[in-house]
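Since the structure comes first, as structure tokens, the remarks are kept for the end.
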Amino acid sequence: MKKIFLKKIITKLHLLPFVEQINYYREKIKNKRSNQLFRKNNPEVLLPPDFYLYETFSLNYDKFYTNGKPTAEWLVNHISEFKQFENLSILDWGCGTGRIIRHLPNVVDNSNSFFGTDYNQKYVKWCTENLKGIQFKLNNLKPPLNFKKNSMDVIYGISIFTHLSKELHFEWMQELSNVLKKDGVLFLTTHGNVHSSKLLPKEKENFDKGNLVVHSYKKEGNRLYASYQSPIFFKNLCTKNNLTILKHIPGEITNGKPQQDVWILQKN
Ligand SMILES: C[S@@+](CC[C@H](N)C(=O)[O-])C[C@H]1O[C@@H](n2cnc3c(N)ncnc32)[C@H](O)[C@@H]1O
Numbered sequence: 203m204k205k206i207f208l209k210k211i212i213t214k215l216h217l218l219p220f221v222e223q224i225n226y227y228r229e230k231i232k233n234k235r236s237n238q239l240f241r242k243n244n245p246e247v248l249l250p251p252d253f254y255l256y257e258t259f260s261l262n263y264d265k266f267y268t269n270g271k272p273t274a275e276w277l278v279n280h281i282s283e284f285k286q287f288e289n290l291s292i293l294d295w296g297c298g299t300g301r302i303i304r305h306l307p308n309v310v311d312n313s314n315s316f317f318g319t320d321y322n323q324k325y326v327k328w329c330t331e332n333l334k335g336i337q338f339k340l341n342n343l344k345p346p347l348n349f350k351k352n353s354m355d356v357i358y359g360i361s362i363f364t365h366l367s368k369e370l371h372f373e374w375m376q377e378l379s380n381v382l383k384k385d386g387v388l389f390l391t392t393h394g395n396v397h398s399s400k401l402l403p404k405e406k407e408n409f410d411k412g413n414l415v416v417h418s419y420k421k422e423g424n425r426l427y428a429s430y431q432s433p434i435f436f437k438n439l440c441t442k443n444n445l446t447i448l449k450h451i452p453g454e455i456t457n458g459k460p461q462q463d464v465w466i467l468q469k470n
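Anchor point for the sequence shown: position 141 equals 343 in the numbering used here, and the numbering is continuous, going up by one each time.
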């Protein structure tokens, strides 16, 4: 049975909160030994509460922290093709618990300024209290951001559009474009073609026609609200918002898991 059918039944029966709690404890048990070992070997590393990790990424400390740095390097390598990391203002939109932004000051030089923003108050509070040298701000589910127009050289959003409705795709792309400086670079990830195998036949048809498909098990913004961006839909969204597509890298299947598409855009 497709996972999506099961999710629909669970949602209809109002069992989602219960299933979520079970999944959380299952993850906690699965990662217990490895997490204990991580704490023992890395007592200096500040870690967010387990539930925050579960909600935003993975409840595995090693994956969250140790792999966060190569991810920050991967991001910088991609953007460096188009922008030199000197005296830049860099914003992580939907920073969660700072998995990526916490490593950036060690990846690029300190002539740059680092900012993070999220609509989840708990994550922003944790980041502000624990991650130094980065300014964190709260935004609402809907725009605007708490930053001035034309103020950022680089904005990145890793797995944020993947949790938003069609209406908010339009509103957020416009806002991100507004906050970027001219020639600023926007780096985004989406659920592209490789994720469309998760869709029901009718949904897949709709996706293939160039539309956005949404699975809303919870309120948007939450990880259980998933949207699937047909590349045609996303390309149109970019070009309508004064953004040139510098690069689109379709996601592949890695270790049996579909990866997100990468979009590198530039404000005209
Ligand atoms: C899958 S998590 C990814 C977190 C982080 N980017 C990372 O890669 O570790 C999605 C994040 O997007 C945030 N988010 C969802 N909707 C948002 C919105 N409208 N504005 C800002 N952040 C949002 C969530 O709170 C969550 O932290």
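Idealized CB from N, CA, C, for every residue including glycine.
Item to complete: Express the C-alpha separation of E373 and V381 in angstroms, rounding to a whole number.
Response: Walking along the sequence shown from the start, residue 381 turns up at place 179. Walking along the sequence shown from the start, residue 373 turns up at place 171. Between V381 and E373, the C-alpha separation is close to 13 Å.
Item to complete: Would you kindly check if the distance between the Cβ of N470 and the Cβ of N444 is under 8 Å?
Response: For this step, residue 444 is matched to residue 242 along the sequence shown. For this step, residue 470 is matched to residue 268 along the sequence shown. Against a cut-off of 8 Å, the Cβ pair of N470 and N444 comes out as a contact.
Discussion item. Cutting at 7 Å between CB atoms, please list the residues of its own chain near Y226, excluding the five before and the five after it.
Written reply: Along the sequence shown, one-based indexing puts residue 226 at 24. Result list for Y226: F253 and Y256, in chain order.
Worksheet entry | Between the CA atoms of K400 and S379 - distance to the nearest angstrom | Indexing the sequence shown from 1 puts residue 379 at position 177. Indexing the sequence shown from 1 puts residue 400 at position 198. Straight-line Cα distance between these residues: approximately 30 Å.
Fill in: Bridge partners - G359, DSSP secondary structure assignment
Looking up residue 359 in the sequence shown gives position 157. Residue pairing by DSSP places G359 opposite L390 in a beta bridge.
Discussion item. Which residue wins for smallest C-alpha separation from Y263, given the options T273, D463, Q238 and Q286?
Written reply: As a working note, residue 263 is residue 61 in the sequence shown. For the residues T273, D463, Q238 and Q286, the minimum Cα distance to Y263 belongs to Q238.
Worksheet item: At which residues does the alpha helix (DSSP H) containing Q468 begin and terminate?
Response: Along the sequence shown, read from residue 1 onward, the residue named residue 468 stands at position 266. Segment D463 to K469 is the beta strand (DSSP E) holding Q468; no alpha helix (DSSP H) there.
Worksheet entry | Buried versus exposed, by CB contacts within 10 Å (16 or more), R241 | On the sequence shown, residue 241 is found 39 positions in, with the first residue counted as 1. Classification of R241: exposed, given that the 10 Å Cβ count is below 16.
Discussion item. I'd like the ranges of any alpha helix (DSSP H) spanning at least 4 consecutive residues and lying wholly in the segment 299-360.
Written reply: 306-309 and 323-332
Worksheet entry | Nearest-angstrom Cβ-Cβ length linking H371 and R425, presumed shorter than 8 Å | For the purposes of this step, residue 371 is taken as residue 169 along the sequence shown, with counting starting at 1. For the purposes of this step, residue 425 is taken as residue 223 along the sequence shown, with counting starting at 1. 17 Å between Cβ atoms; not a contact.
Item to complete: Can you have a look at S432 and say buried or exposed, based on whether 16 or more other CB atoms are within 10 angstroms of its CB?
Response: For the purposes of this step, residue 432 is taken as residue 230 along the sequence shown, with counting starting at 1. Label assigned to S432: buried.
Item to complete: Give me the Cβ distance between V415 and E405, rounded to the nearest whole Å; I'm assuming they're in contact under 8 Å.
Response: By one-based count along the sequence shown, residue 415 stands at place 213. By one-based count along the sequence shown, residue 405 stands at place 203. Going by Cβ atoms, the distance from V415 to E405 rounds to 5 Å, so yes, they are a contact pair.
Item to complete: Select from G386, I224 and R228 the residue whose C-alpha is nearest the C-alpha of N352.
Response: The residue you call residue 352 lines up with position 150 of the sequence shown. Residue G386 is the option with its Cα nearest to N352.
Discussion item. Just verifying my parser: in three-state terms, what is the DSSP assignment at H371?
Written reply: The residue you call residue 371 lines up with position 169 of the sequence shown. Of the three classes helix, strand and coil, the one that applies to H371 here is helix, per DSSP.
Discussion item. According to DSSP, simplified to helix, strand and coil, what is Q286?
Written reply: On the sequence shown, position 84 is the one that residue 286 refers to. Three-state DSSP puts Q286 in coil, outside helix and strand.
Worksheet item: DSSP on H280, reduced to helix/strand/coil?
Response: What you label residue 280 is simply residue 78 of the sequence shown in a count that begins at 1. Three-state result, H280: helix.
Item to complete: Check whether the Cβ atoms of N332 and N341 sit closer than 8 Å, and answer yes or no.
Response: The residue given as residue 332 occupies position 130 in the sequence shown. The residue given as residue 341 occupies position 139 in the sequence shown. Taking 8 Å as the Cβ cut-off, N332 and N341 do not qualify as a contacting pair.
Worksheet item: If you draw a straight line from the alpha carbon of T319 to that of L290, how long is it in whole angstroms?
Response: Against the sequence shown, residue 319 aligns to sequence position 117. Against the sequence shown, residue 290 aligns to sequence position 88. Answer to the nearest angstrom: the Cα atoms are 17 Å apart.
Fill in: Coarse secondary structure for V415, derived from DSSP in three states
Walking along the sequence shown from the start, residue 415 turns up at place 213. It is a strand residue.
Worksheet item: ligand 1 heavy atoms versus the CB of C329: any closer than 7 Å?
Response: Position 127 of the sequence shown, counted from the start, is the residue given in the question as residue 329. No, the beta carbon of C329 sits no closer than 7 Å to any heavy atom of ligand 1.
Worksheet entry | Three-pair Cβ contact test at 8 Å for the segment 441-461 versus the segment 293-305 | The segment 441-461, when compared against the segment 293-305, does not touch it at the 8 Å Cβ threshold.
Discussion item. Tell me whether G298, by its Cβ, gets closer than 7 Å to a heavy atom of ligand 1.
Written reply: Position 96 of the sequence shown, counting from 1, holds the residue named residue 298. Yes, Cβ of G298 sits closer than 7 Å to a heavy atom of ligand 1.
Discussion item. Using the Cβ count rule (16 or more neighbours within 10 Å means buried), how would you classify Q207?
Written reply: Residue numbering aside, residue 207 sits at position 5 when the sequence shown is read from its first letter. Just to set this straight, residue 207 is Phe in the shown sequence, not Gln. Burial check for F207: the Cβ neighbour count within 10 Å stays below 16, so the residue is exposed.
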